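Student:
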Amino acid sequence: MVVAVPLGYLLSRARFPGRGLVDAILDIPIVLPPLVLGISLLILFQFWPFRLVSRQIVFQVPAVILAQFTVSAAFAARIMRVGFDQIDTRQEQVALTLGCTQARAFWSVLLPQAVPSIVTAATIAWARALGEFGPLLVFAGATRMKTEVLSTTVFLELSIGNLKSAVAVSVLMVAAALAVLLIARSSGGDMSETTGFGGRRAAR
């Protein structure tokens with residue numbers, strides 16, 4: 001959310017050179033197939049300056065974080081942009097005419113109205129990170145007790161024929177996702193109004 005909120009605000013309110021390019025780049029992690037996204041991250045870290053830290057990131061724990069962040073942040077930023085677009089700009093303009101700075105108008109006027117969108121964005125981002133699999137498998141690997149997360153645990157258990165463990169972990173993931181999504185809906189309102197996806201996440 002540290003990235004999604006300011007980026008969503010920037011795309012919603014600001015007009016600057018390259019805005020369309022930034023908007024398009026933001027959609028890439030959303031529209032690319034998961035495996036292609038993982039391969040893209042691998043290729044990216046073959047070029048300077050990313051190559052300098054590739055050994056410390058690729059197939060290591062930081063790769064898990066980066067892969068999850070790439071997709072989750074894109075979803076969250078897109079949701080925040082839709083949320084800011086739905087907030088009337090006249091209140092900000094009134095605050096500015098009364099002597100508020102742009103920063104104070106953002107914190108005092110705009111941000112409180114964006115709380116439902118922030119809750120929704122955080123929830124969707126968490127849910128995407130929980131269910132991420134393709135980019136993790138390609139970019140971080142599925143090493144036991146190292147880069148293993150819940151989604152790759154299901155894959156590892158199935159690969160050795162341990163169906164009971166795979167089902168148990170799957171049920172745990174479903175229960176956790178359902179609980180968090182229900183809490184978010186009760187506290188943040190209708191997700192379909194702030195996601196722009198009709199309340200449905202993009203299929204993965």
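Residue numbering for the sequence shown follows this note's numbering, beginning at 1 and increasing consecutively.
Every residue gets a Cβ at the ideal spot worked out from N, C-alpha and C, and that includes glycine.
Owing to the predicted nature of the structure, the values given are computational and were not obtained by experimental measurement.
#1: Shortest alpha-carbon distance to V109 belongs to which of A127, W126, I87, T120?
#2: For A63, which residues in the same chain have their Cβ closer than 6 Å to its Cβ, ignoring the five residues on either side in sequence?
#3: Going by Cα to Cα distance, which pick from S117, I124, L150 is closest to F133?
#4: In its own chain, which residues sit with a C-beta less than 6 Å from the C-beta of A166, not counting the 5 before and 5 after it?
#5: Does the structure place the region 4–21 close enough to the region 78–87 that three or more beta carbon pairs sit under 8 Å?
#6: Less than 8 Å between the CB atoms is what I'm expecting for A74 and I30, so what's the real figure, rounded?
#7: Using 10 angstroms around the beta-carbon of L186, count the other beta-carbons present and answer buried if the total reaches 16, otherwise exposed.
#8: Does the beta-carbon distance from L135 to L41 come in below 8 Å?
#9: Unbroken alpha helix (DSSP H) runs of length 4 or more, entirely within the region 43–116: which are they?
#10: Does Q60 get closer than 8 Å to chain B when you measure Cβ to Cβ?
#11: What are the boundary residues of the alpha helix (DSSP H) that P29 is part of?
#12: In whole angstroms, what separates the C-alpha of V94 from that of A114?
#13: Could you name the residues of the same chain whose beta carbon sits closer than 7 Å to that of A142, not counting the 5 residues immediately before and after it, in chain order?
#14: Looking at I118: is its Cβ nearer than 8 Å to the Cβ of M1?
#15: Check each candidate in L96, A76, R90 and name the one with the smallest Cα separation from P116.
#16: Suppose contacts are defined by Cβ-Cβ distances below 8 Å. Is A67 in contact with A127 by that definition?
#17: Going by C-alpha to C-alpha distance, which of W107, D27, F47, I28 sits closest to V5?
#18: Distance check for V169 and A175, CA to CA, integer angstroms please.
#19: Quick one: which unbroken alpha helix (DSSP H) runs of 4-plus residues sit fully inside the region 119–170? Chain order, please.
#20: So V2 is in the alpha helix (DSSP H); what residue range does that whole segment cover?
Tutor: Quick answer:
#1: The shortest C-alpha separation from V109 is found at I87.
#2: Answer for A63: I57, F139, A140, listed in chain order.
#3: Checked all of S117, I124, L150; the closest Cα to F133 is L150.
#4: Taken in chain order, the residues that qualify are V154, E157, L158.
#5: Result yes; three or more Cβ-Cβ pairs closer than 8 Å.
#6: For a cut-off of 8 Å, the C-beta gap from A74 to I30 is around 5 Å, short enough to register as a contact.
#7: One point to set straight first is that residue 186 is Ser, not Leu, in the sequence displayed. Under this definition S186 is an exposed residue.
#8: Per the sequence presented here, residue 135 reads as Pro, with Leu not at that position. Cβ distance < 8 Å, so P135 and L41 count as in contact.
#9: DSSP runs (the alpha helix (DSSP H)) wholly in the region 43–116: 54–57, 61–85, 90–97, 102–105.
#10: In summary, chain B is missing from the structure at hand, where a single protein chain is found.
#11: It spans 19–31 - the alpha helix (DSSP H) in which P29 sits, taken as one unbroken run.
#12: Straight-line spacing of the CA atoms in V94 and A114 works out to 18 Å.
#13: Taken in chain order, the residues that qualify are E148, T152, F155, L156.
#14: Cβ atoms of I118 and M1: closer than 8 Å.
#15: Measuring from the Cα of P116, the nearest candidate turns out to be A76.
#16: Not a contact, by the Cβ cut-off of 8 Å.
#17: It is W107 whose Cα lies nearest to the Cα of V5.
#18: Approximately 10 Å between the Cα atoms of the pair.
#19: Along the length of the region 119–170, whole alpha helix (DSSP H) runs at least 4 residues long occupy 150–159, reported in chain order.
#20: Under the DSSP assignment, V2 falls outside any alpha helix (DSSP H); it carries neither an H nor an E label.
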